[in-house]
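Undergrad:
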Amino acid sequence: MPALLIPIIAAAAAVASPQAAIEQALTDSANGWNSGDLDRFMALYADDAVYVSGATVARGRAEIAQRYAKSFAAGANTRGTLRLQPVAWRPLSAVHVILVARWTLAGSAAPQTGLTTLIFERRKTGWQIIADHSS
């Protein structure tokens with residue numbers, strides 16, 4: 001009987017603690033940005049994600065990718081090295097998490113920094129961004 005409980009306990013721990021999986025996915029996405037791979041950077045976004053920045057609203061992964069495409073010229077990122085640092089973290093439900101992070105772009109003429117609020121949803125393919133508000 002105890003052997004039967006191990007998978008249940010492991011599954012419960014995985015459900016209760018998505019932070020490591022999301023932080024790894026953020027690192028993978030930033031590595032995509034830093035290597036000039038737009039598809040890898042965008043892989044974290046759900047097909048139906050919404051992106052808000054300033055007066056811009058982009059709906060869907062394809063439209064969000066179009067917004068970023070100009071930064072990916074000739075297989076390289078032209079805006080600098082991206083770093084994401086989690087600032088605040090809050091599970092909203094078993095399948096939704098909100099994460100506030102500081103983004104920094106370094107290595108360009110004028111380093112930039114700002115905040116992003118990301119809402120993640122756990123889907124069949126893993127945790128994905130369904131809403132991104134960046135400033």
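Residues 1 to 135, numbered by my numbering, are exactly what the sequence shown covers, in order.
Think of the CB as a built atom: it goes at the ideal place given N, C-alpha and C, for glycine as much as any other residue.
Taking one C-beta from the stretch 83-100 and one from the stretch 55-71 each time, how about it: are there three or more such pairs within less than 8 Å?
TA: Taking 8 Å as the limit for Cβ pairs, the verdict is that the stretch 55-71 does not touch the stretch 83-100.
Undergrad: For Thr81 versus Gly107, is the C-beta spacing smaller than 7 Å?
TA: Result yes, Cβ atoms of Thr81 and Gly107 sit closer than 7 Å.
Undergrad: Name, in chain order, the residues that DSSP records as bridge partners for Asn77.
TA: Bridge partners of Asn77: Phe72.
Undergrad: Mind checking which residues open and close the alpha helix (DSSP H) that includes Asp28?
TA: In the DSSP assignment, Asp28 falls within the alpha helix (DSSP H) that extends over Gln19 to Asn34.
Undergrad: Taking the straight line between their C-alpha atoms, what separation do you get for Leu44 and Arg83?
TA: 15 Å
Undergrad: What is the DSSP secondary structure of Leu92, reduced to helix, strand or coil?
TA: Correct three-state label for Leu92: coil.
Undergrad: Have a look at Ala30 and Phe41 and give me their C-alpha separation to the nearest angstrom.
TA: Ala30 and Phe41: Cα-Cα distance of roughly 6 Å.
Undergrad: Can you tell me where the alpha helix (DSSP H) with Leu38 in it begins and where it stops?
TA: Leu38 to Met42
Undergrad: So, with DSSP's three-state summary, where would you put Ala65?
TA: helix
Undergrad: For Leu118 versus Asp132, is the C-beta distance shorter than 7 Å?
TA: Yes, the pair counts as a contact, with Cβ atoms nearer than the cut-off.
Undergrad: Hey, how far is the Cα of Thr27 from the Cα of Tyr51?
TA: Cα to Cα, Thr27 sits roughly 19 Å from Tyr51.
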